[in-house]
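Here's the structure, in structure tokens; my notes come after.
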Amino acid sequence: DAKTTQPPSMDCAEGRAANLPCNHSTISGNEYVYWYRQIHSQGPQYIIHGLKNNETNEMASLIITEDRKSSTLILPHATLRDTAVYYCIVKGSGGSNYKLTFGKGTLLTVNP
Amino acid sequence: GAGVSQSPRYKVAKRGQDVALRCDPISGHVSLFWYQQALGQGPEFLTYFQNEAQLDKSGLPSDRFFAERPEGSVSTLKIQRTQQEDSAVYLCASSLYGGNQPQHFGDGTRLSIL
């Protein structure tokens, strides 16, 4: 699976949009970009995933660049409960591509 | 809600004891995964089941670790003769099937070996 690079930490003001970047320059054609987050003392929570088109759900939006070498997770109106470690993961979809490989993620702190 | 349920949430054991950790996946989910998360690190893959078949156990740290899912639903991770380095959070995840279906995680069992 392709490696990802994320900033170790970011801050965001409550009510503002949080934009979390991820670089995955070695991503291959059949690999998806997944985002999970982990709030303290909880298990990772699935947020969103995409292949090449931008995706939106009730939690967030995922913007993937045209060359697919980077992506941005957008939380449109951050709240204090969004403080968590956010993991960007690249994973293929076929055959043996079932395991998630977590890096160190980005610690997002939402400030009042 | 009907999420992934893990028990116990916390387990303290003395070095050398055997422990068993339980995972109840989301009903109907075919795929089940175990991960280990050390303090300050991201989760690391241990093993993968598709129904009752254990298709990958490459991440299990040693032969003291054993996982089973005999009826294709509930899974148990067993650690024999526990060592201090086994102290970690053990996470279970399930997905509807493989492919690009997202994995949904439980809140884990925090294991402390004294």
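Those protein sequences? They're chains A and B, same order as listed.
Position one of the first sequence corresponds to residue 153 (our numbering), numbered consecutively onward.
Position one of the second sequence corresponds to residue 30 (our numbering), numbered consecutively onward.
Even glycine gets a Cβ: it sits at the ideal position worked out from N, Cα and C.
Since the model is a prediction, treat every value here as computed from it, not as a measurement.
(1) Expressed to the nearest angstrom, what Euclidean distance is found between the alpha-carbon atoms of GLY257 (chain A) and LEU172 (chain A)?
(2) Could you please give the first and the last residue of the uninterrupted beta strand (DSSP E) stretch that includes GLN66 (chain B)?
(3) Can you have a look at ASP115 (chain B) and say buried or exposed, based on whether 16 or more other CB atoms are within 10 angstroms of its CB?
(4) Does any residue of chain A have a CB that is nearer than 7 Å to the CB of ASP136 (chain B)?
(5) Would you say GLN194 (chain A) lies against chain B (beta-carbon separation less than 7 Å)?
(6) Are GLY239 (chain A) and TYR188 (chain A) close, meaning C-beta to C-beta below 7 Å?
(7) So, under 8 Å CB-CB, CYS174 (chain A) and SER223 (chain A) are touching, yes? Tell me the CB distance rounded to an integer number of Å.
(8) Is it buried or exposed for LEU143 (chain B), if we count other Cβ within 10 angstroms and need 16 for buried?
(9) Taking 8 Å as the threshold, find out whether the stretch 99 to 109 of chain B comes into contact with the stretch 40 to 55 of chain B through three or more Cβ pairs.
So, from the data block:
(1) As a first step, residue 257 (chain A) must be located in the first sequence, where it is residue number 105. As a first step, residue 172 (chain A) must be located in the first sequence, where it is residue number 20. Using only the alpha carbons, I get a separation of about 10 Å.
(2) Here residue 66 (chain B) corresponds to residue number 37 of the second sequence, with the count starting at 1. 60 to 66 is the extent of the beta strand (DSSP E) around GLN66 (chain B).
(3) By 1-based counting over the second sequence, the position of residue 115 (chain B) is 86. So ASP115 (chain B) counts as buried.
(4) Here residue 136 (chain B) is taken as the residue at index 107 of the second sequence, counted from 1. True, the Cβ-Cβ gap to chain A drops below 7 Å.
(5) Translated into positions along the first sequence, residue 194 (chain A) becomes position 42. With 7 Å as the cut-off, GLN194 (chain A) counts as an interface residue toward chain B.
(6) Numbered from its first residue, the first sequence carries residue 239 (chain A) at position 87. Numbered from its first residue, the first sequence carries residue 188 (chain A) at position 36. The sequence as given places Tyr at residue 239 (chain A); Gly does not occur at that position. A contact, by the Cβ cut-off of 7 Å.
(7) Counted from its first residue, the first sequence places residue 174 (chain A) at position 22. Counted from its first residue, the first sequence places residue 223 (chain A) at position 71. Indeed they touch by this definition, with Cβ atoms about 5 Å apart.
(8) Numbered from 1 along the second sequence, position 114 holds the residue referred to as residue 143 (chain B). Result: exposed.
(9) yes
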